[in-house]
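J.: If you scroll down you'll find the structure; I have some questions about it.
Numbering (mature numbering (1 follows the signal peptide of the UniProt record, and there is no 0)), first residue to last: -19 to -1, 1 to 108.
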């Protein structure tokens, strides 16, 4: 899955859709690192995003954001948001490979978005 950056990492950064400014303000202090350090929190988000468990308010926002982010290839994302998303992707793939695969099966089962994203952003690699 070289070069794959989408789903959880992209949407965890939030602030990518229609009300971008509102979401950025709302989640300005959202501690992504705290989520990534907690197996329980990662599992809760994955369960939310794959319809296997309840969603926190943040999880609900993530879930609403995913389709737009994928369809537009994160066109409203800033460079900083993409960099943060790459960090999240690397951590998910390294520290939570089962959860990562679960998200991929749900949100990009054919690899369609991965292919389009890699074409648009060939310089971004997630190993």
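A virtual CB, placed ideally from N, CA and C, is assigned to each residue, including glycine.
None of these values were measured; they are calculated from a predicted model.
Going by beta carbon distance, what residues of the same chain come within less than 7 Å of residue 81, once the five residues before and after it are set aside?
T.: Position 100 of the chain shown, counted from the first residue, corresponds to residue 81. Same-chain partners within the cutoff: 73 and 74.
J.: Label residue 66 either buried or exposed according to how many other C-beta atoms from any shown protein chain fall within 10 Å of its C-beta, with 16 as the threshold for buried.
T.: Here the question's residue 66 lines up with position 85 in the chain shown. Buried is the call here.
J.: What does the Cβ neighbour count give for residue 69, buried or exposed, with the cut at 16 atoms within 10 Å?
T.: Here residue 69 refers to the residue found at position 88 when the chain shown is read from its first residue. By the 10 Å Cβ count, residue 69 comes out buried.
J.: Given a cut-off of 8 Å on the beta-carbon distance, is the pair residue 22 and residue 30 in contact?
T.: Locating residue 22 in the chain shown gives position 41, where the first residue counts as 1. Locating residue 30 in the chain shown gives position 49, where the first residue counts as 1. It is not a contact, given that the beta carbons lie outside the stated cut-off.
J.: Tell me which residue opens and which closes the alpha helix (DSSP H) that residue 62 is part of.
T.: Indexing the chain shown from 1 puts residue 62 at position 81. Run containing residue 62: 60 to 76, per the alpha helix (DSSP H) assignment.
J.: Skipping 5 residues on each side, what residues in its chain have a beta carbon closer than 6 Å to that of residue 63?
T.: On the chain shown, position 82 is the one that residue 63 refers to. Same-chain partners within the cutoff: there are none.
J.: Please list the terminal residues of the continuous alpha helix (DSSP H) segment that includes residue 29.
T.: The count along the chain shown starts at 1 and reaches residue 29 at position 48. Taken as a continuous stretch (DSSP letters only), the alpha helix (DSSP H) holding residue 29 covers 20 to 30.
J.: Using only CA atoms, which one of 33, 12 and 104 lies nearest to residue 39?
T.: Position 58 of the chain shown, counting from 1, holds the residue named residue 39. Of the listed residues, the one whose Cα sits closest to residue 39 is 12.
J.: Looking at the ligand SAM, does it come within less than 7 Å of residue 40, judged from the CB to the closest heavy atom?
T.: For the structure depicted, the ligand SAM is absent and the ligand set is empty, with no information on it obtainable.
J.: Residues in its own chain within less than 6 Å of residue 32 by CB, not counting five upstream and five downstream?
T.: In the chain shown, residue 32 corresponds to position 51, counting from 1. If we look at residue 32 and ignore the five residues flanking it on each side, it has no Cβ neighbours.
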